[in-house]
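Q: Mind having a look at this structure? Questions to follow.
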Amino acid sequence: MLFSHDRIELRKVFFTAWGKHESKQPLEPMDQVIVNVLALHPEYHSFFGNQDNLDKDFPPELGETNPFLHLGMHIAIHEQLTVNQPEGIQEKHKILMADMKDPHEVEHVMMDCLGEMIWRAQRENRAPDENDYNSCLVNAINK
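Per the working numbering, the sequence shown starts with residue 314, numbered consecutively.
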């Protein structure tokens, strides 16, 4: 379950998936997605191995990356690519891959654009606009 308004329940999904992986238990499909993304981030392995981190905050002024947000954005990019939404995202990903060659780095570029779209929507108190996202991706491609 990655859809919840309950912060703790949502966070538990990450800890549960990593715990299953570490103890070699069978993984549900969503667990596998989480574990695949977490495998690319060894800096978070010990974090998700410690349930005491479940309610940890990541205030921006401390400059720490929020692992839940970071991994969640990777998962969002994977989902977007799976269903090609917003339309054309697969083609933009393909172009970035041809240029950068590193799938993880390409996802980080895409995550920057996704984050910017969300930030702009929050700042302007409006719904996220896919045009902002697409424009940012086009700029990334044209660099």
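Note that CB positions come from ideal geometry on N, CA and C, so glycine has one too.
Tell me whether residue 344 is buried or exposed, calling it buried when 16 or more other Cβ atoms sit within 10 Å of its Cβ.
A: buried
Q: Quick check on the DSSP output: the alpha helix (DSSP H) that includes residue 393 runs from which residue to which?
A: 380-396
Q: Which of helix, strand or coil does DSSP assign to residue 328?
A: Reduced to three states, the DSSP call for residue 328 is helix.
Q: Helix, strand or coil for residue 377, going by three-state DSSP, please let me know.
A: In the structure shown, residue 377 adopts coil according to DSSP, grouped into three states.
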